[in-house]
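Going down the list, the sequences are from chains A and B.
All residue numbers for the first sequence refer to this note's numbering, where the first residue is 1 and numbers rise by one.
All residue numbers for the second sequence refer to this note's numbering, where the first residue is 246 and numbers rise by one.
2 protein chains.
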Amino acid sequence: MPPPAVILSQPQIGENIGAAARAMKNFGLTDLRLVAPRCRWPNERALALASGAGDILAAARVYPDIAAALADIRLVLATTARARDVVREILTPEAAATRLREAESSGVASALLFGGERAGLTNDELSLAEAVITIPTAEFSSLNLGQAVLLIGHEWLKAADTTPASRTRKTIAVPATRQELIDLFEHLERELDAGGFFFPAAKKETMVRNIRAMILRSGLNDQQVRTIRGMIVALVKNKYRGEKA
Amino acid sequence: MPPPAVILSQPQIGENIGAAARAMKNFGLTDLRLVAPRCRWPNERALALASGAGDILAAARVYPDIAAALADIRLVLATTARARDVVREILTPEAAATRLREAESSGVASALLFGGERAGLTNDELSLAEAVITIPTAEFSSLNLGQAVLLIGHEWLKAADTTPASRTRKTIAVPATRQELIDLFEHLERELDAGGFFFPAAKKETMVRNIRAMILRSGLNDQQVRTIRGMIVALVKNKYRGEKA
């Protein structure tokens, strides 16, 4: 099942078509369709802005009207900044992405429909779409065509992306064992004691508890425990040297 | 609590700073900080690309180095295309947005750190960040500075956005009552029967069941039921007229 087609209706500015192609390629969208472009086509400014996505521009198909561009499509989601009078379900980009992925897994060909830079989609074009997508913004809302394609493409990729929300490279290091930590605690507390750190003596127990909590919270691995013990040795050495001087 | 600062380290191209400002304003980010910009500053190309976000450029502060720009910040997330050797937690933009919102609600000042166009962030800069953000892409990965700010700003807004995933404007219409639907079914079936539609008669029951299921699935409201009944009346009228002619 190919990814959703991206249909630009009456695009006016070559740069925006190029930016849309570049945005598409970042997120695995490949089928670009232009309806009655208002700029020259092919377009060198589009190619300049596509930056590596020239293949998508080269494969783009041009249609005389929206009906021809949509002929083989079974699910159409239209993007609009202002959801106008047309009675339509309005989706967030994230919900739209889910809808497109569901269509994909049922073998349903889908398309994302974007209007021209100035006027957006006409009501006639909107009437051919199952639902419209609006991108939530702050009060200031000024997204160009390339940015709209970028944000929706991003949500489309994310909807099937398995990247963990949080991960750490270099997983060779494992969390320190409790024994390694206890050895570190005792080493540190012994040297602190020798340095007269625990004063007054009545507070020593609380101070030790706080230091241990601080160390535990930083989630040290075994290598880091060894590094810190080396640091303690180095610091203590310097101190004695200082005292001797 | 102000929204996260956006820190651009050694930006080279005025247009990208302008695009970053425009992206920021769309998603409610306002605090732009530039570290040792490599282009002239203030910059007319930046202003041209900001398109309505000139106030953010005008308020942008310039710092000589990364340490000065980060001085008052307590949580730093760095954006990088390639997570390099630095051992760091790697977050998706969505997970990063959640982290920033958590910081905000605890009164912790935060910042998003973006590297220069060519080389990205240095390892020294990365070493000042709690975690790095990478944006999941397809194999082709080519996002410029403005696009990276746009995608992360979008996730930041979304993390506190209450827009329902799906909604329908014009909620005046309510789903039709069962009585309205039954009246429609019977009206339609009566006229279909008169037109000889249910043939062979043995299949009538199945045909009726399928038509009712089709109508029910479209979730009609009371206004739509009235419209359809009007359509049936009009179609029947035409038919009789045709027969008379």
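Glycine included, C-beta positions come from ideal geometry on N, C-alpha and C.
Worksheet entry | Closest residue to V321/B among P248/B, S411/B, G263/B (Cα-Cα distance) | P248/B
Exercise. Quick one: is A245/A buried, meaning 16 or more other Cβ sit within 10 Å of its Cβ, or exposed?
Worked result: Per-residue confidence for A245/A stands at a pLDDT of 45, beneath the threshold of 50, marking its modelled position as unreliable; the derived number appears in the next sentence. Counting Cβ neighbours within 10 Å, A245/A comes out exposed, since fewer than 16 surround it.
**Asked** What number of angstroms, rounded off, separates the C-alpha of V87/A from the C-alpha of T413/B?
**Response** 7 Å
Buried or exposed: P409/B, going by 16 or more other Cβ atoms within 10 Å of its Cβ?
-> exposed
So which residues of chain A does Q257/B contact, with C-beta pairs closer than 9 Å? Correct list: empty, because the minimum Cβ distance to chain A is about 16 Å.
Quiz item: Where does the unbroken alpha helix (DSSP H) through F430/B begin, and where does it stop?
Solution: 423–439
| field | Where the segment 111–137 of chain A meets chain B: residues whose CB sits under 9 Å from a CB there | value | A131, T134, I135, P136, T137
Q. What residues from chain A crowd round Q392/B, counting only those whose CB sits closer than 7 Å?
A. L150
Give the straight-line distance between the Cα atoms of Q392/B and V419/B, rounded to the nearest whole angstrom.
41 Å
* Give a yes or no on whether the minimum CB-CB distance between N288/B and chain A is below 8 Å. => no
Practice prompt. Report the neighbours of N271/B on chain A: residues whose CB is nearer than 7 Å to its CB, in chain order.
Written response: T137, A138, F140, S141, S142, L143
**Report entry** Interface residues of chain A facing Q335/B [CB-CB closer than 8 Å]
**Finding:** Note that residue 335/B corresponds to Ile in the displayed sequence, not to Gln. Those are S166, R167, T168, R169, listed as they occur along chain A.
**Item:** For V233/A and L181/A, believed in contact at Cβ under 8 Å, the rounded distance
**Value:** Incorrect: roughly 17 Å between the Cβ atoms, too far for contact.
Assuming I152/A and T79/A are in contact, meaning their beta carbons sit under 8 Å apart, how far apart are those beta carbons, in whole angstroms? 7 Å
### Residues that DSSP places opposite T168/A in a beta bridge
E334/B
Original post:
V377/B to A356/B, Cα distance in whole Å?
Top reply: 12 Å
Original post:
Taking any Cβ of chain A, which residues in the segment 463–475 of chain B have a Cβ under 7 Å from it, in chain order?
Top reply: none
Near R74/A, what residues of its chain come up, given a Cβ to Cβ distance below 8 Å and the 5 sequence neighbours on each side ignored? A103, V108, A109, S110
Exercise. If the cut is a Cβ gap below 8 Å, which residues of chain A does R267/B touch?
Worked result: S142
*Thinking just about the alpha-carbon of each residue, which of S463/B, A446/B, K448/B, A314/B is nearest to the one in R278/B?*
A314/B
Review point. Is it the case that the CB of L357/B approaches a heavy atom of the ligand NAD more closely than 7 Å?
Key: Looking for the ligand NAD in the displayed structure turns up nothing, as the structure carries no ligands at all.
- request: Measure the alpha-carbon distance for L294/B versus L302/B and round it to whole angstroms.
  value: 11 Å
**Request:** Measuring alpha carbon to alpha carbon, tell me which of S411/B, T422/B, K449/B ends up nearest G464/B.
**Result:** T422/B
| task | Please decide whether P406/B counts as near chain A, where near means a Cβ-Cβ distance under 8 Å. | result | According to the sequence provided, residue 406/B is Asp. The question's Pro does not apply to it. At least one chain A Cβ lies under 8 Å of D406/B.
First and last residue of the uninterrupted beta strand (DSSP E) at L320/B: 320–324
Residues that E339/B contacts on chain A, provided the C-beta gap is smaller than 8 Å: K158, A165
- prompt: How about the segment 333–340 of chain B and the segment 367–376 of chain B: do they share at least three Cβ pairs that are nearer than 8 Å?
  reply: yes
Strictly under 8 Å for the Cβ-Cβ distance: is A67/A near chain B by that measure?
no
query: Any C-beta of chain B sitting closer than 8 Å to the C-beta of S105/A?
result: no
Task: Contact belief for P381/B with D161/A at Cβ below 8 Å, rounded distance in angstroms - done: 5 Å
| said: 8 Å is my cut-off, CB to CB: does A490/B come that close to chain A? | reply: Because A490/B sits at a pLDDT of 45, beneath the cut-off of 50, its placement in the model cannot be relied upon, and the following sentence gives the value as read from the coordinates. Answer no: the Cβ-Cβ gap between A490/B and chain A never drops below 8 Å.
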